[in-house]
Each structure stands twice: as C-alpha cells, then as structure tokens.
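Notes to accompany the following structure.
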Amino acid sequence: QCARRAMSRVRATHDEEAAARASATEVDSGAPTIFDKIISKEIPSTIVYEDEKVLAFRDINPQAPVHVLVIPKLRDGLTELGKAEPCHEDILGHLLHASKIVAEKEGIVDGFRVVINSGASACQSVYHLHLHVLGGRQMKWPPG
Ligand code: TR5
48 QCARRAMSRV RATHDEEAAA RASATEVDSG APTIFDKIIS KEIPSTIVYE
98 DEKVLAFRDI NPQAPVHVLV IPKLRDGLTE LGKAEPCHED ILGHLLHASK
148 IVAEKEGIVD GFRVVINSGA SACQSVYHLH LHVLGGRQMK WPPG
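Under the UniProt record's numbering, the first residue of the sequence shown is numbered 48, with each subsequent residue one higher.
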C-alpha cells in the first residue's frame with residue numbers, strides 16, 4: 048500500500064510537471080520560429096544531414112546520446128503535425144525517410160525512436176514541424 052501511495056505521489060508529481068511544461072509552452076501563432084534562422088544558417092547548428100527538402104541538426108538540449116531534429120526547409124503551413132493536409136504527404140514521407148538516413152549516419156539504425164510533439168498538450172515548443180530522432184541508449188516505454 049505504501050509503495051502504491053508512493054507511486055501515486057510520483058505520478059502526481061509527473062502529471063504536475065507535465066501540466067506545467069504544457070502551460071509554459073508556446074502556442075501555434077504561425078509566426079516565424081528559430082528554425083527559420085537555422086535553415087538560413089543565420090544561427091549556427093550542427094548539421095547531420097541535408098538535402099533539397101529537409102535539414103537535420105543536433106538538438107541543443109539532447110535527451111539521449113543521439114538527439115537530432117529533422118525539419119522541412121519549407122514550413123508550408125506545417126507548424127505542427129496536427130495541421131497536416133493531404134498535400135503534405137510527400138514531405139511527411141520524406142521527413143520519415145530522412146530520419147532513417149540520420150539514424151544510419153549516427154550508427155543507431157538498429158534501434159532508435161522518432162518523436163513528434165504536436166500541440167501544447169504534447170509540450171511542443173517550436174511551431175515548425177520537426178521529428179526528434181533519439182537513440183544511443185535504451186529507450187523506455189511508455190514515454191512521459
Ligand atoms: O518541444 P518540441 O518538440 O517543440 O522540440 C523543440 C526542440 O527544439 C527542443 O528539443 C529544443 O531543445 C530544440 N531547440 C530549441 C532551440 C534549438 C533547438 N535545437 C537546436 N538549436 C536550437 N537553437 C539554436 N535555439 C533554440 N531555441
């Protein structure tokens with residue numbers, strides 16, 4: 048029982064943290080984001096992969112030994128995955144395939160995770176669609 052109470056306390060703390068993180072995140076205003084400056088190279092980043100449609104660069108606050116963000120160079124209304132339309136199918140497929148290329152380049156193709164946070168309740172903080180490619184350690188499930 049004690050353990051159960053302790054667990055529910057832990058859960059409550061996690062829930063409170065998640066709620067705080069969600070309420071502290073940006074909202075989707077459609078305004079330019081920091082990623083525009085990374086694409087234009089006005090702000091430096093560590094680029095891992097690039098082609099005509101996507102850019103992949105290291106996350107500034109890595110959550111795993113490998114943590115790379117894969118983004119479309121043209122946002123085209125894709126501030127978040129929840130805004131995707133049929134016209135975005137090509138770029139969405141391209142982003143997923145680019146994530147696999149990144150995993151290969153980073154030596155984690157045997158086991159990696161791709162995460163997309165969409166919207167405030169998923170703690171999205173930058174409103175330019177991006178795929179997190181994470182690996183290099185044992186990932187846990189379920190995610191928080
Ligand atoms: O929370 P979501 O899913 O929106 O992910 C946004 C990600 O962008 C976070 O993991 C941040 O750590 C990452 N981020 C934020 C900035 C940034 C970055 N990654 C690389 N370089 C960055 N610069 C220069 N500036 C940021 N504000």
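All residues carry an ideal CB built from backbone N, CA and C; glycine is no exception. This structure is a prediction, so every number in the text was calculated from the model and none was measured.
Based on Cα-Cα distance, which residue from the options lies nearest to residue i?
{"i": "Q185", "options": "L178, S165, I85, I155", "result": "I155"}
{"i": "E151", "options": "V113, E73, K84", "result": "V113"}
{"i": "H135", "options": "A78, V180, L176, I86", "result": "L176"}
{"i": "L139", "options": "R160, D75, T80, K100", "result": "K100"}
{"i": "A145", "options": "V95, S76, P79, A78", "result": "V95"}
{"i": "R122", "options": "D75, C170, P190, P189", "result": "D75"}
Looking at ligand 1, does it come within less than 7 Å of residue i, judged from the CB to the closest heavy atom?
{"i": "I94", "result": "no"}
{"i": "V173", "result": "yes"}
{"i": "L116", "result": "yes"}
{"i": "C170", "result": "yes"}
{"i": "I138", "result": "no"}
{"i": "H177", "result": "yes"}
{"i": "I85", "result": "yes"}
In the DSSP output, what is residue i paired with across the bridge?
{"i": "P119", "result": "V101"}
{"i": "I81", "result": "For I81, which the question treats as bridged, DSSP gives no partner whatsoever."}
{"i": "V95", "result": "According to DSSP, which records beta bridges pairwise, V95 is partnered with nothing at all."}
{"i": "V149", "result": "Paired residues: none, contrary to the question."}
Assuming residue i and residue j form a contact by the criterion Cβ under 8 Å, report the distance between their Cβ atoms to the nearest whole angstrom.
{"i": "L116", "j": "L142", "result": "The pair is not a contact, with the Cβ atoms about 11 Å apart (cut-off 8 Å)."}
Compute the minimum distance between the beta carbon of residue i and the heavy atoms of ligand 3, and state whether it is under 7 Å.
{"i": "D106", "result": "The model on display carries ligand 1 but not ligand 3."}
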